[in-house]
Structure formats: structure tokens, C-alpha cells
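If you use my numbering, the sequence shown corresponds to residues 1 to 141, in order.
All remarks here apply to the structure that follows.
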Amino acid sequence: MEKTENMITNIKQTIVNKLLELYPAYTIYDEDMPQDFNRQSFLISITNQSYSKRFGNKYKSSISFDIAYFSNKGAEEIKPDCRNMQMSLLRNFDLAGKYRALNKKATITDNVLHFTFDINYSEIKTDVSEKMQKQQTNTNI
């Protein structure tokens, strides 16, 4: 499971890097926000994950992300700001590093933009005990 957690951390970091590339002045939070959080910020959350076995020691996974955008605009400007951010994310957030954002969707709820997408990845698990098997040799000649 450690390898899977490292993969998730790696994917999250590439998402953070992409957001920083697109919006360098914004604050980015991971899974949790302080009570006195900065406005004009993003909150990255994992909403769902599927994990299934393929052939042999190969596995595939799909992780669903929700990037919440919190505007720092006044009451009358929040919705237009969220709609502008929505179009920007939908147009510019195709690749995060080597990962492709799939099934992109955006909704505005309670003046917060929720940009959701999926990222698929595959992994190969190697078990050390499988590699260290005893070898039998026939010494009868």
C-alpha cells in the first residue's frame, strides 16, 4: 500500500504544480483548510478512488479529484469570477505533468467553484518474497 500512497502524493504534487503554473499568486490547500483561510485559493480533495487487479501483478486505479476555488471578490462579483475561473480550468487543465485530466466538470455551489476530474494510472506490484525463491539444482549426473 505504501507504493499506492506515494503515487497519490506524486499525482497531487503534479496538480499543485499545474495550479501554481496557471495561478502563481493563489494559495493552495491540500485536503484541509484552516478556519481563517486565504480567499482566492484552491482546495484539492480526493473524492473517490477505484483500484482493480489486471493480469499478474498489474493494477489500475482511477482517482477522482475536486478542486474547490474560493473567490476573493465582493458579493456581486463572485459568480462572474467563478465562471471565469471555471472556463479557465476547463480550457487549461488538460495535463498535470504526465497525467491527463479526464471527465472534467465544473459546478458553482454556494459561491464556490468545484472543478472535478479523474486521473487514471497503472502500477506493477513486486513482492520481494516472490523474487527470493529457492532454486533447486539437480546434482545427479
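No residue lacks a Cβ here, since even glycine has one placed at the ideal position from N, Cα and C.
Could you check where the beta strand (DSSP E) with residue i kicks off and where it finishes?
i	result
Ser88	Run containing Ser88: none in the beta strand (DSSP E); it sits in the alpha helix (DSSP H), Ile78 to Asn92.
Tyr51	Ser41 to Lys53
Asn103	Leu102 to Thr109
Asp30	Thr27 to Asp30
By Cβ distance, which residues of its chain are closer than 6 Å to residue i, with the 5 residues on each side in sequence left out?
i	result
Ile124	Asn57 and Lys58
His114	Asp66, Ala68 and Thr107
Asn38	Thr27
Asn120	Ser62
Reducing DSSP to helix, strand and coil, say where residue i ends up.
i	result
Thr126	coil
Asn38	coil
Lys58	strand
Asn120	strand
With distances taken Cα to Cα, identify the nearest neighbour of residue i among the options.
i	options	result
Ser50	Pro34, Lys60, Ile28 and Asn72	Lys60
Met85	Arg100, Val112 and Leu102	Val112
Leu19	Thr109, Ser71, Asn92 and Ser122	Asn92
Asn48	Thr109, Ile8 and Asp110	Ile8
Grab me the residues of residue i's own chain with a C-beta within less than 7 Å of its C-beta, minus the 5 sequence neighbours each way, in chain order.
i	result
Asp30	Lys12 and Ile44
Asp94	Arg100 and Ala101
Would residue i and residue j be called neighbours here (beta carbons separated by less than 9 Å)?
i	j	result
Gly74	Asn17	no
Leu22	Ser88	yes
Using C-beta distances below 8 Å, list every residue in its chain close to residue i, excluding the 5 sequence neighbours before and after it, in chain order.
i	result
Leu90	Lys104, Ala106 and Phe115
Asp118	Ser62, Ile63, Ser64, Phe65, Ala101, Leu102 and Asn103
Ala25	Gln40
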